[in-house]
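Just below is one structure, and these are the notes that go with it.
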Ligand SMILES: *Cc1c(COP(=O)(O)O)cnc(C)c1O
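Numbering (my numbering), first residue to last: 531 to 985.
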């Protein structure tokens, strides 16, 4: 048989022309978003003041399996897609494992992560609706960067509310966003009513994601021609990210390769939901079987220690309620370095699939993650984002199990991004000052006790 190359590329003509909506193949659909006051399912009209029209339609569509990727978005995708699917020959050699390891690398664009796949779609629909601009929040900075790139491409204004502590700690991220023309405001700010209120009550606060969301939503709903956009968790974001899985599957199919297991890190669930989408589709339709593993930080274990319940998506309690695996919306994860995985909840689509037994989840402590990151960087060359290194950790662990049993399993994992902006974390790891924070049962009980009563 032909030797499989290090990198399997698709031609431009083989790139997906439609996103795949896994909800269409789910017998039990993810629970709808509900109104925080009435607890009734959110309608398109309820969502219209906050989100873009076409994105609302995608959010609520549980039945259409394929949704065409507009030509303009496909043109943009061509600047950095198809992304490489790499056979990790060097890692396999280093581990001396009979397992065959593949990874789909989404870090080969300036934003450094998969988030550009959705930001370009969201900016496109905002532009098509004739909007002036969008507002959003960013914690670690990857989403803000991806959105600012997409907005500059379509000539949209982009207002990013960045948690003040990150704004101060990550000045380089901020400058990338400003290079693409976004305005970046440390949150809480004096620009919004809610920001001024928070600052009056807590002078000197360094902010939180929940508070930034409240500010960004206020600005979107009080300024004509603006809407709020989000980089993960929502159904629409998973839909856009299906491009990852569709490309990966097309590349593997070229060589007749079928993965035994598919592994991805899970923050809000968008990269994992996207990577597994077409494989999960086959699984749901009974055409094939795959082991699917979500990897989360031990410091923020939504799947493995959370509850499947309706909860607020934000600390500010202004957004709709979503049914998801959650640690409670005022759970504040310890300051671990995988900023993109520090979300209290999880995509409702993945939550339903996990609850239905279609996928597994594991949690891993931070220092073990960085050990894997370093091991990977030294043999495969790429400096991984700490988020991505969660998937690497479990891929390595599974490959080492194969070494013990002699099984030649095929592993596919998602390498979501690069870690150039995370060198303070790498520094702590190298200096031996990195700690593994793991919440106690008491900590979790306290935040879970505050779940809203919904029946
Ligand atoms: C945001 C981010 C993640 C986590 O987000 P998901 O929505 O769970 O995919 C993972 N990796 C990187 C590099 C990120 O920027």
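Each residue gets a CB set at the ideal place from its N, CA and C atoms; glycine is no exception.
Residue i: beta carbon under 8 Å from a heavy atom of ligand 1?
i: residue 769; result: no
i: residue 856; result: no
i: residue 549; result: no
i: residue 686; result: no
i: residue 893; result: no
i: residue 543; result: no
i: residue 530; result: With the chain represented from 531 up to 985, any question about residue 530 goes unanswered, as that position is not in the structure.
i: residue 795; result: yes
i: residue 642; result: yes
i: residue 672; result: yes
i: residue 799; result: yes
i: residue 915; result: yes
i: residue 977; result: no
i: residue 870; result: yes
i: residue 739; result: no
i: residue 986; result: No information on residue 986 is available, as it lies outside the stretch 531 to 985 that the chain covers here.
i: residue 649; result: no
i: residue 829; result: no
i: residue 918; result: yes
i: residue 625; result: no
i: residue 763; result: yes
i: residue 834; result: no
i: residue 802; result: yes
i: residue 946; result: yes
i: residue 637; result: yes
Mind checking residue i: buried by the 16 CB within 10 Å criterion, or exposed?
i: residue 574; result: exposed
i: residue 659; result: exposed
i: residue 572; result: buried
i: residue 954; result: exposed
i: residue 844; result: buried
i: residue 933; result: exposed
i: residue 867; result: buried
i: residue 704; result: buried
i: residue 936; result: exposed
i: residue 578; result: exposed
i: residue 569; result: exposed
i: residue 863; result: buried
i: residue 541; result: exposed
i: residue 944; result: buried
i: residue 808; result: buried
i: residue 685; result: exposed
i: residue 900; result: buried
i: residue 700; result: buried
i: residue 629; result: buried
i: residue 870; result: buried
Starting from the Cα of residue i, find the closest Cα among the options and give me that residue.
i: residue 951; options: 590, 640 and 616; result: 640
i: residue 707; options: 551, 683 and 678; result: 678
i: residue 810; options: 826, 873, 788 and 831; result: 788
i: residue 887; options: 826, 813 and 956; result: 813
i: residue 724; options: 968, 897 and 738; result: 738
i: residue 960; options: 771, 649, 561 and 904; result: 904
i: residue 988; options: 978, 931, 983 and 982; result: For residue 988 there is no data in the structure shown, the boundaries of the chain being 531 and 985.
i: residue 596; options: 683, 695 and 772; result: 772
i: residue 613; options: 828, 647 and 580; result: 647
i: residue 751; options: 576, 546 and 946; result: 576
i: residue 557; options: 938, 885 and 584; result: 885
i: residue 836; options: 637, 876, 566 and 870; result: 876
i: residue 806; options: 619, 700 and 633; result: 633
i: residue 536; options: 826, 785 and 727; result: 785
i: residue 711; options: 908, 682, 694 and 690; result: 682
i: residue 652; options: 922, 824, 635 and 588; result: 588
i: residue 610; options: 592, 593, 635 and 594; result: 635
i: residue 655; options: 583, 696 and 616; result: 583
i: residue 592; options: 552, 629 and 941; result: 552
Open item on the list: If contact is defined by three or more beta carbon pairs under 8 Å, each pair taking one atom from either stretch, is the region 786-799 in contact with the region 953-968?
Closed with: no
Open item on the list: With a threshold of 8 Å, are at least 3 pairs of Cβ atoms found where one atom belongs to the region 601-611 and the other to the region 907-920?
Closed with: no
Open item on the list: I'd like to know if the region 668-677 and the region 758-771 are in contact, where contact means that at least 3 CB-CB pairs between them fall below 8 Å.
Closed with: yes
Open item on the list: Using 8 Å as the cut-off, can you tell me whether the region 872-891 makes contact with the region 936-955, which would need three or more C-beta pairs spanning the two stretches below that distance?
Closed with: no
- [ ] Kindly confirm or deny that the region 660-669 and the region 726-744 touch, where touching means at least three C-beta pairs closer than 8 Å.
- [x] yes
Task: Touching by the beta-carbon criterion (3+ pairs, under 8 Å), the region 975-982 and the region 917-928 - done: no
Open item on the list: Check whether the region 715-731 and the region 614-627 are in contact - that is, three or more C-beta pairs closer than 8 Å.
Closed with: no
Task: Three CB pairs or more closer than 8 Å across the region 747-754 and the region 767-786 - done: no
Open item on the list: Would you call the region 722-736 in contact with the region 628-647, where contact means no fewer than 3 C-beta pairs closer than 8 Å?
Closed with: no
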